[in-house]
Every structure is written in structure tokens, then in C-alpha cells.
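S.K.: Chains E and D are the protein sequences, given in the same order. According to my numbering, the first sequence is numbered sequentially starting from 9. According to my numbering, the second sequence is numbered sequentially starting from 334. The beta-carbon is built from N, C-alpha and C at its ideal position, and this holds for glycine as well. Quick one: the structure is below, and I'll ask about it shortly.
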Amino acid sequence: MHQRGRRLLIEGLPASLEWPREAGGRRLSAAEQAQIDAWQAEQQRDDPWHALESWESLALSLEGSEPPAPGSDQALRIALVLRRFDQASDLLAHTTPSPAPDALDRAVAELVERSLDYDPDDPEAYLRLIAYYLGGKELKEARRHLEPALARWPDNIRVLTAALDTAVASGAFKKAAGFARRILAIDPINATARERLVKAHLAHARKQIRNARPDLARRELEKAAVWDRHARFRDPREIIDALLTLTGDARAGASALRAVNQRLGDGLASRLVIALDAAAIGKKPKTLFAEAGLSKPSAPDRDDLTDFFTQLRRHLDSGASLPPEVRAYFETPLKGAARCELTYQELESVCETLRRCRWNAPRQAFARAALKRWKGAPFFALHAFEAKYPDAPWRASQTEIKRLERALERARETGDTRTAHRLLELLDGLFLVPFEDPQDAPLPPELGQDLGPEALPMLIEMFGLDRLLDMLGVSRAMKRDFKQLEREMGRQALIELLIAGLHPEPDDPADDDDDPFNTLDLFS
Amino acid sequence: MSDPYLILGVGAAATDADIEAAYREGVKRYPPERYPQRFEALRRAYEALRTRRDRLAHELFDTSSPTVGEILDRAAPVGEPRRPDPALFAALLRGEE
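Below, the structure is given as C-alpha cells:
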């Protein structure tokens, strides 16, 4: 009951730490105090770093002066505490490794990794780390955690699946096929492993074509066909087969390729599927289609165009990027296809797909075509702008910025909060000076002295809200609150609120301790 | 959630086998078709304490506060009606037991 009773102290921190002693009980130990602090940090949810550091402090308190015996309850406690942040937030499952070494996800991964020293018997911790590093293509790190996991659990299907994924990501397709076979030996009806095995054989076949080993490529294709019982991979098998034939017999290969193209609809979509496979063996689409006697695709109809984007999304979903030669081949016909009458939702999806692969020329064409039909639509205004200025938005003219601001107002009016939020972020970023870290940029002297609140709108206009709050040294939590206020009430309302907070009326009860402005001295 | 140790009627030092036995006994006494709520509470308590790892995680991360009913249950466990031991009751209120 003593242990459970400590939960009653969470809300009254820090004064509540004295309550047990005041009530005649014993003083709380350092570990007990750290635990209550961590509970509170987790419940508050406003500062992930504070929560993470609180759990780490608890782990340090539990470690004590001597490391606990491996396998002991205390060792397991420390491991669980070190994994707690990830377990509660599920961060590693939804994040790819940040480039910055001091990012939150890196710190979380480091704690999970440390937990393995205390509890090496939990496959879940290894699997989370492997998946996290695989997501960022940090293969060396993924393999570093995979090896001990495979040694400990050689027959665990999830560990074998992680090994298969790592092998595929490393381009070790033969190894991948070996892992898939091991999974199928344990679980013969595992459809996912079967699919992955087929994919691994197909990828290996492509690799062998690239290495000029058609005999080995043919063997891989045959293996893929054996495992592909339901012919789900018929298209890529036939395309690779045709490409392989083309390497030895130009006429037969061209004929096979034309047949596959015909079967797939002979349009923009079929060309894309073939071009992507050709790119995987290092063949440029222009050269390939010329060899196969396939002319440039004509303007697609609606069905062909939607099919094209379905295929493109499928390709991107697999984690692959869009090869530049494929991009170059399809750019002109795709820009022309922007005239095609798609629905509003279809065009939204098209713009988002093109944004995903940073294909800005057709994205701009589709967004502009949509703006002709739905004048001023905030979503398409956002895409048209982003596509026009992908790397240098500050080059935009005042007219274009005003157009964006009108789009923001309209998004707010129509309750399209997601687009409003994106537009707001874009507008904020417009006033950041490129190649300069806002943290290092001091407030210019001419603006930092003797400024009254009337300068606030101008400063926000000049620097953007984000940067201005950074320069003023506003805490992260308060910055978040300000941005939340701005989203909910609009920028003008935020400015008025800030001004009111800076210069309260004489009778204003501004001495109230709860007033957030009492903690913010903006212009003194 | 209510204290899973009290729901299953096991002590803090209970092993995997003790927890499993208590759960089976509880299910026999409160079958789900007749006592759905009791059974649900039993099931949740069992899941919270099933393995050593679960028990330690419960100790470390469960933040639900003890209720007055739980304090009384500890002071006078279910059985013949009797007056609680004053010393134990005072210790519980001080949060020492």
C-alpha cells in the first residue's frame, strides 16, 4: 500500500514529497522521488525531453553505486525504465532516424539500446531498434542489433522477418531468400514471407541482369515463379522476363515487351511500370522503348491517368525513390495530362503524390489546372506555390505572398485546419533568412531597443512568429501555446493579445501569478 | 485500475504460478457468463501481473491511486466480520504497509 500510495503524491509535487514524513512515515528515497517525478512528467505530456530525462534519472537512481546482477529484478526494473519513454510514446515505431545526433528519437534509441545491457532477453527491444534503423537506411546499425537477436532467437519468426528486411535493404537478395525459406519452414502458410521471397528472387534476378549473368537471372525468375502460386507478381515477372530476353535476342525481347505493354493497357501507366523495372536494371526508358519499338505514350485518358498515379504510389509505398531518367521521360506527357478532368479529391491525391516524390513541374501544372476550376482553393494554392518555389520560397513576389495569405484566410473560414496549418508554416518560413540559424541571429540593435508593442506586427511580418519568439527567448512550451492560439484565433487576435499582455491597463489585474505575460518580458 | 493484487487475492511476492492459480480459481468462482464485470476485472488484473516483467512494469508505471475501499480491504481482508487491527490500520493510513 505504501508503494501504491505514492501515486497520491503526483499532483502535489514538489511539496508532496514531504507529506509522508509529515504524516509520521519515513522519508522517500531518491529513487522513489525520481519515480514520482517521472510519473508526473509523463502525465503532463507537454515536454517530451523532460519526460525522457525523468525516466533516465530514475534509471540512474535504481542503478545505485553498483550495477545490479544480470537477470535480477533490479536489472529488469532499470531496463523497463530505460524503455519506458519509447513504450509509452511508441516513438521508434513511427520515426525514422533524424540526421541531427541530438534529436529526441536518437536519445530514445540510445536509452533503449542501453536497456539491452540490463535485459538482453527481450526480442521486442531488438526488433524496435532494427526497424527504426532500417527506416532510415542505417543498415550498419540495424545489423548491429540483428546479429545478437538472431543468435538468441534463431527460430523467432519476427526476428527472421527483420533479418529478411535487413537483407533486402542491403541488396543481399540471396540471403533474403534464405531467411524467407527459414520462415516458411516454421510457418508454411505465412503469406507475407512467401511474397517477400518472391520479391527477393525478382530483385536478385534484376541484380543478375545488371551483372550480365542472364543464366543466373533466369534461374531466379524460375524460383520466383514457383513461389508465386497466385500469380500476384505476374506483371514484374513478365517484364523482367522480357528484359532478360531482350539482352540475348533483341527481336524476341522487343516482341515480349510489346506484348506485356499491350496486356497492361498500352498507356502512360503501363509504360511507367515497365520503365521502373527497366531503371532497376540500369536501362533508360527512352532507349528501352525505342528498342522495343514502342512510341511515346499519347495523352492519357482519365482511367489511364488514375492508374498511372496508383502505380506511382505503389512504387513510392515500397520505399523506393523515383529514378531521374523515369522522371525525365514522363515529365512532359504528365504536364500535358494536367488538363484531364479529374475530381477535386483525385487532384488532391495527385498533388500529394507528386509532392511525396518532389516532382514539382507536373505538381505545379496539376495545382494550376485545379485552381482554374476551383478559384483560390487553399489546398491547390499551397501546392502551386510550393511547387514553384521548392527550395527558395523567399524569392516569391509580394503578389504571390498576398495570394497565400488570402488562401490562409479562406482555409480558416472553411474550417480546413490542416491546410491552414501548412500555409501558416509556409508563410512563417518565408521570412527566415536562408543559411542562417535563427538561434544565432540576435535581434537587430535598431529593433531591439526602445520598441513599443506597436512594433510587434512589423517584427512578426519581418521575421515570422517562430523566429521572433526564438529571439525573445520564449520557452518551448510557451511558444507552442502562442502558435496554438494563433491557429485557433488568427494572427491578428494573437498580436492584440500580445499587446494587451505587454501593456496591461492600470486596473488590469495583471499581477495575477497565473498570467503568462508576467513571465515574458518582451521589450525591456 | 484497482489494485490487481487485491483483485486476485495474492501477495506482492506472488510467482507466475501463484498468479495463474489465483486467476483460474477466480474464473471458476466468477464465470464470465454470470459475472461479466467481475470476470473482466479478473482478466485485467491477470494481464497486469501475468509475468515477472508485467509485475515489475506494473510496480514502475501504474499510476492509479489506491482507493479507500482498497485500504479497508487491506486492513480487514474478506473473511469473518471483525474489527480491524488498530495498529495495522494506523500504519496503512500513514502509507507504511
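Using a Cβ cut-off of 8 Å (strictly closer), state whether W235 (chain E) contacts chain D.
M.R.: No, W235 (chain E) lies away from the interface with chain D (no Cβ there is under 8 Å from its Cβ).
S.K.: Three or more C-beta pairs under 8 Å: does that hold for the segment 276 to 288 of chain E against the segment 230 to 241 of chain E?
M.R.: No contact exists between the segment 276 to 288 of chain E and the segment 230 to 241 of chain E.
S.K.: Could you tell me the alpha carbon to alpha carbon distance between P465 (chain E) and I503 (chain E), rounded to whole angstroms?
M.R.: For P465 (chain E) and I503 (chain E), the distance between alpha carbons rounds to 7 Å.
S.K.: Closest to L7 (chain E) by CA distance: which of D:S397, D:R362, D:R386 is it?
M.R.: No information on residue 7 (chain E) is available, as it lies outside the stretch 9 to 532 that chain E covers here.
S.K.: Tell me whether the beta-carbon of T361 (chain E) lies closer than 8 Å to the beta-carbon of L390 (chain E).
M.R.: Contact: no.
S.K.: What residues from chain E crowd round A390 (chain D), counting only those whose CB sits closer than 7 Å?
M.R.: Ordered by position in chain E, the residues that pass the 7 Å Cβ test against A390 (chain D) are L88.
S.K.: Please give me, in chain order, every unbroken run of the alpha helix (DSSP H) with length at least 4 that falls completely inside the segment 333 to 421 of chain E.
M.R.: Counting whole runs of 4 or more residues, the segment 333 to 421 of chain E contains the alpha helix (DSSP H) stretches 352 to 364, 368 to 381, 386 to 396, 406 to 421.
S.K.: Output needed for V545 (chain E): all residues of its chain with C-beta closer than 6 Å, excluding positions within five of it in sequence on either side, in chain order.
M.R.: Summary: the structure shown does not reach residue 545 (chain E), with chain E confined to residues 9 through 532, and so no result is reported for it.
S.K.: Alpha helix (DSSP H) containing R166 (chain E): first to last residue?
M.R.: From DSSP, the alpha helix (DSSP H) with R166 (chain E) extends over 165 to 177.
S.K.: For the alpha helix (DSSP H) that contains A239 (chain E), what are its first and last residues?
M.R.: Where A239 (chain E) is concerned, there is no enclosing alpha helix (DSSP H), given that its DSSP letter is neither H nor E.
S.K.: Given a cut-off of 8 Å on the beta-carbon distance, is the pair L205 (chain E) and A188 (chain E) in contact?
M.R.: In this structure, A188 (chain E) lies closer than 8 Å to L205 (chain E) by Cβ.
S.K.: Against chain D, does D399 (chain E) count as a neighbour if the rule is that its beta carbon must be under 8 Å from one of theirs?
M.R.: No, no contact with chain D.
S.K.: Measure the alpha-carbon distance for S69 (chain E) versus Q82 (chain E) and round it to whole angstroms.
M.R.: When rounded, the distance between both Cα atoms is 11 Å.
S.K.: Look at A101 (chain E) and A157 (chain E) and say whether their C-beta atoms are less than 8 Å apart.
M.R.: No, the Cβ-Cβ distance between A101 (chain E) and A157 (chain E) is not below 8 Å.
S.K.: Are the C-beta atoms of D81 (chain E) and some chain D residue less than 8 Å apart?
M.R.: Chain D contact via Cβ: present.
S.K.: Kindly provide the ranges of any alpha helix (DSSP H) runs that are 4 or more residues long and lie completely inside the segment 98 to 164 of chain E, ordered along the chain.
M.R.: The qualifying runs are 112 to 126, 131 to 143, 147 to 160.
S.K.: Since V206 (chain E) is in the alpha helix (DSSP H), which residue starts that stretch and which ends it?
M.R.: Its alpha helix (DSSP H) spans residues 199 to 218.
S.K.: How about R386 (chain D): is its C-beta nearer than 8 Å to some C-beta of chain E?
M.R.: Judged by the 8 Å Cβ criterion, R386 (chain D) is in contact with chain E.
S.K.: Tell me whether D55 (chain E) sits in a helix, a strand or coil according to DSSP, three-state version.
M.R.: D55 (chain E) falls in the coil class under three-state DSSP.
S.K.: Beta carbon of A208 (chain E), beta carbon of A184 (chain E): below 8 Å?
M.R.: Result yes, Cβ atoms of A208 (chain E) and A184 (chain E) sit closer than 8 Å.
S.K.: According to DSSP, simplified to helix, strand and coil, what is D445 (chain E)?
M.R.: In this prediction, D445 (chain E) has a pLDDT of 45, which is less than 50 and means its spatial position is unreliable; what the coordinates show is noted afterwards. Three-state DSSP puts D445 (chain E) in coil, outside helix and strand.
S.K.: Kindly indicate which three-state DSSP category T348 (chain D) falls into: helix, strand or coil?
M.R.: T348 (chain D): coil per DSSP, three-state reduction.
S.K.: Output yes if chain E places a C-beta closer than 8 Å to the C-beta of T348 (chain D); else output no.
M.R.: Judged by the 8 Å Cβ criterion, T348 (chain D) is not in contact with chain E.
S.K.: By how many angstroms is the C-alpha of L60 (chain E) removed from the C-alpha of S174 (chain E)?
M.R.: According to the sequence shown, residue 174 (chain E) is Thr rather than Ser. If you take the alpha carbons of T174 (chain E) and L60 (chain E), they lie about 29 Å apart.
S.K.: Can you tell me whether L451 (chain E) is helix, strand or coil according to DSSP?
M.R.: The predicted model places L451 (chain E) with a pLDDT of 45, which falls under 50 and marks its position as unreliable, so this point remains unresolved.
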